[in-house]
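These notes are about the structure you will find just below.
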Amino acid sequence: MSFTMNDTYDALPDPHAQPAFYEGVGVKRLLAWVVDTVLIGIIAAVIASIPLFLLWFVFPLVFLVVSLVYRIGSIRAASATPGMRLFNIELRAHDGQRLDGSAAALHTIAFMIASAFFIPQIASVFLMLMTDRGQGLHDMFTGVVAINTPGRY
Numbered sequence: 001m002s003f004t005m006n007d008t009y010d011a012l013p014d015p016h017a018q019p020a021f022y023e024g025v026g027v028k029r030l031l032a033w034v035v036d037t038v039l040i041g042i043i044a045a046v047i048a049s050i051p052l053f054l055l056w057f058v059f060p061l062v063f064l065v066v067s068l069v070y071r072i073g074s075i076r077a078a079s080a081t082p083g084m085r086l087f088n089i090e091l092r093a094h095d096g097q098r099l100d101g102s103a104a105a106l107h108t109i110a111f112m113i114a115s116a117f118f119i120p121q122i123a124s125v126f127l128m129l130m131t132d133r134g135q136g137l138h139d140m141f142t143g144v145v146a147i148n149t150p151g152r153y
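Start counting the sequence shown at 1; every next residue gets the next number (UniProt numbering).
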């Protein structure tokens, strides 16, 4: 599966004809990110504590690994993280399908890279606020759109 920034989104709901799929998604993504970050932090803290607290010396690395596994695994399984499911949003590929394992990994890695640097993160927030589909930089790069869960918005 390959994604490019030039892929069309014809299989997805049109933001003008069906705006309910995109209403409030930006705020929901922010809230989902907070929930997911807290859950990842709790899981990482438990894992870091198991071997006599020795992993606390490399806690940022533990957090990063747990975040990758958590995000890739949950997006592959349900096309959404637990935080996203809590707020009834999910990720869809440019062809309207749920994300598979490789698309989940690509999207997660792009998200992590964009989140690690100030300018791409600010660009992503700006794009989420200004584009019709509310896509961040990493979403556009991977051809992914976040929408309200069909039938539950």
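Note that CB positions come from ideal geometry on N, CA and C, so glycine has one too.
As the structure is a prediction and not an experimental result, all values here were calculated from the model.
For R92, the uninterrupted beta strand (DSSP E) run begins and ends at 89 to 93, by DSSP.
Here V66 has I40, I43, A44 as same chain residues with Cβ atoms under 6 Å from its own Cβ, once five neighbours each way along the sequence are excluded. By the neighbour-count criterion, in which 16 or more other beta carbons inside 10 Å mark a residue as buried, V69 falls on the exposed side. Per DSSP, the beta bridge partners of V144 are A93. The Cβ-Cβ distance between G101 and R76 falls below 8 Å.
Here V62 is buried. Its C-beta has 16 or more other C-beta atoms within 10 Å. In this structure, the alpha-carbon of P15 lies about 49 Å from that of P51.
Contact fails between the stretch 103 to 114 and the stretch 15 to 33, because fewer than three Cβ pairs, one in each stretch, are under 8 Å apart. Judged by beta-carbon spacing, A110 lies beyond the 8 Å limit of Q121, meaning their Cβ atoms are not closer than that value.
Under DSSP, R71 forms no beta bridge with any residue.
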